[in-house]
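For the sequence shown, position 389 (counting from the first letter as 1) is numbered 397 according to the working numbering, and the numbering increases by one without interruption. Built from N, CA and C at the ideal position, the CB exists for glycine as well. Source: prediction; values computed, not measured.
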Amino acid sequence: MDQLAVGCPVHRYPTDGARSLGLDPVLDNALKNAQPVRLEYPHGGECWLVTGYNDVRTVYSSKTFSRSGNAPRITASPLFAGGLATMDDAAHLKVRRIVTAELNKRMGSIRTSAESIMTDLLSPLREGVGIDYVADVAKPFSIRVLGKLLGIPVEDDEKLIGWVSALLADDFAPNAEANAESAVKDMGRYVMELVTARGENLGDDLVSDFIRHDGLSYLDVVTVAFGLIIAGFESTAHMLSKMVFQLLIRPDLWTVLTESPDRIPSAVDELLRTISLGGGEAIPWLVREPVSLGGVDMAAGDYVMPSTGAANRDGLVFDDPDQIVFGRSQKQHLTFGYGTSYCLGSQVAKVELEVGLGLLVREYPGLRLTTAPESIGWPAGSAVWQLAELPVALP
Ligand code: HEM
């Protein structure tokens, strides 16, 4: 750890600390010590780190902060350039409104298709077969729900899974950058061809709905479809696997849900609060004008990373923040972000997580891990923290 002239610690980020269900240790320490910290990013640039609940909401909602600019990043590719996550203000809002309205119309059918896809994927368990929940269930489930929504054939799942994984890589393998570049090109071409084909032959899918909408250009439709796949696949697949892992290593929580499946929605919410998507990471914002936040004087042109994962464990807002308590009445967690960048797919994600956990506790209450929890690895190399595997079976 170096020291800046002002005495503020600078940490290389992401750290190489152990990955887990919880926070990156650097973010956790900064939260617990309420200490200003700067993060040095792997592809160049530094960020202020903000961890307090109210400060994180301020970054997400104040006009002082912007998504434009060339923000420091942990992924090998400038993943979000030109996409929704780099848009601000009216242009962003316009696209968001349309996407939200179109998605809302489809929530019922998304739940129905999620139930049917998950029922099929879990069925080998009934034959006494042990499965790897990550590879055999959560990943195919998440990509198929998106594929069904967007009108993408199942045969293309593996291609999409490969592209998204290359785009979310945060490792320094010699070929990571080249892989990410070709994934952007290949997936970009794939999505453009999909939108063009759908434009010539409209169907009953979300891409066709977008094309029918006067408010979206061809480029908007491509950008949004691309964004939904990138933002929606690994996030939900790994969050679901990590939730199942968390419940199986806490039999008391598992029993609460097998006995009262109606508590699934509140359990999903609390697990979303406590399980970090990527160690507590969020996308950095550009500081537009000088501002003082979290005890730090930031200059125009600085960048700041509002850690949503840390904010979710702010003891000033959540009692006993590290404890999992289903049905908390306290404030809304920030796992889906906040304000104008709030996750566009949060409702889809919640449906998937509710269906995923719901079918397990109702239909497979005897499910168990078939290996010691400590023996399950947490491979490095992706911005989305994930389990190497989750071997499960019925007794
Ligand atoms: C558990 C699963 C998920 C988590 C934890 C999650 C989390 C987030 C967060 C934190 C953001 C805001 C990022 C930022 O700008 O700081 C975001 C944005 C976004 N998410 Fe999700 N997400 C999940 C699933 C999904 C799904 C299933 C979809 C699509 C169906 C989706 C689509 C999007 C899109 C398009 C954005 C960009 C919104 C914008 O910038 O206007 N997400 N998500």
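What residue does the beta strand (DSSP E) around residue i start on, and which one ends it?
| i | result |
| --- | --- |
| P314 | 311 to 314 |
| A401 | 399 to 401 |
| D305 | 304 to 306 |
| D289 | The amino acid at residue 289 is misidentified as Asp; the sequence shows Glu. Note, E289: premise wrong, no beta strand (DSSP E); not H, not E. |
| R271 | Premise fails: R271 is in no beta strand (DSSP E) and is neither H nor E. |
| P80 | No beta strand (DSSP E) contains P80, which DSSP labels as neither H nor E. |
| V18 | 17 to 20 |
| E360 | No beta strand (DSSP E) contains E360, which is instead part of the alpha helix (DSSP H) from 354 to 371. |
| L47 | 45 to 48 |
| V58 | 54 to 58 |
Just confirm the distance between the C-beta atoms of residue i and residue j, as a whole number of angstroms; I'd bet it's less than 8 Å.
| i | j | result |
| --- | --- | --- |
| V276 | E362 | 6 Å |
| V356 | E278 | With 8 Å as the limit, V356 and E278 do not qualify as a contact, their Cβ atoms being about 19 Å apart. |
| V107 | G159 | Actually they are not in contact, since the Cβ atoms of V107 and G159 sit about 16 Å apart, beyond 8 Å. |
| M23 | A38 | The displayed chain sequence assigns Thr, not Met, to residue 23. Actually they do not touch by this definition, with Cβ atoms about 11 Å apart. |
| T266 | V369 | 5 Å |
Buried or exposed for residue i, going by 16 or more other Cβ atoms inside 10 Å?
| i | result |
| --- | --- |
| Y226 | exposed |
| K113 | exposed |
| A388 | exposed |
| K40 | exposed |
| N78 | exposed |
| D212 | exposed |
| F149 | buried |
| P182 | exposed |
| S243 | buried |
| T343 | buried |
| P259 | exposed |
| S268 | exposed |
Roughly how many angstroms separate the alpha carbons of residue i and residue j, rounded to a whole number?
| i | j | result |
| --- | --- | --- |
| M126 | P132 | 11 Å |
| I384 | L255 | 15 Å |
| L324 | S354 | 25 Å |
| P50 | D36 | 20 Å |
| A239 | A177 | 13 Å |
| G286 | M247 | 10 Å |
| K71 | V203 | 34 Å |
| C16 | L365 | 43 Å |
| T83 | E289 | 12 Å |
| H19 | P33 | 11 Å |
| A233 | R206 | 12 Å |
| L92 | H221 | 18 Å |
| D164 | S190 | 17 Å |
| G52 | T66 | 25 Å |
| L47 | S337 | 33 Å |
| K147 | F241 | 8 Å |
| A174 | K250 | 21 Å |
| M115 | L395 | 29 Å |
| R281 | Y350 | 15 Å |
| S315 | D63 | 10 Å |
| L294 | G223 | 28 Å |
| M9 | P292 | Bear in mind that the predicted position of M9 carries a pLDDT of just 40, short of 50, making it unreliable; the figure below should be weighed with that in mind. M9 and P292: Cα-Cα distance of roughly 21 Å. |
| E130 | E360 | Per the sequence shown, residue 130 should be read as Leu rather than Glu. Each residue's Cα considered, the two are about 14 Å apart. |
| V142 | A308 | 43 Å |
| G374 | F180 | 41 Å |
| G345 | H100 | 15 Å |
| F218 | I237 | 15 Å |
| V299 | A186 | 38 Å |
| T348 | G138 | 43 Å |
| L210 | D322 | 48 Å |
| D270 | S74 | 40 Å |
| Q11 | P44 | At Q11 the pLDDT is 40, less than 50, meaning the model places this residue with poor confidence; the figure from the coordinates comes in the next sentence. So the alpha carbons of these two residues sit roughly 12 Å apart. |
| R134 | L402 | 8 Å |
| S117 | R105 | 20 Å |
| A188 | D328 | 40 Å |
| W386 | D140 | 15 Å |
| T378 | V392 | 24 Å |
| G170 | D330 | 34 Å |
| H341 | E208 | 42 Å |
| G317 | R119 | 27 Å |
If you follow the alpha helix (DSSP H) that residue i is part of, which residue opens it and which one closes it?
| i | result |
| --- | --- |
| L248 | 226 to 256 |
| S300 | Premise fails: S300 lies in the beta strand (DSSP E), 299 to 301, not in any alpha helix (DSSP H). |
| E189 | 184 to 208 |
| W171 | 165 to 175 |
| Y61 | 61 to 69 |
| A396 | That residue, A396, is in no alpha helix (DSSP H); it is neither H nor E in DSSP. |
| N41 | 33 to 41 |
| I219 | 214 to 220 |
Does ligand 3 have a heavy atom nearer than 7 Å to the CB of residue i?
| i | result |
| --- | --- |
| R376 | Ligand 3 is absent from the structure shown, which contains only ligand 1. |
query = Which residue spans inside the region 97 to 134 form an unbroken alpha helix (DSSP H) run of at least 4?
reply = 97 to 113, 115 to 130
query = In the region 135 to 160, which residue ranges form an unbroken alpha helix (DSSP H) of at least 4 residues, counting only runs that do not cross its ends?
reply = 147 to 158
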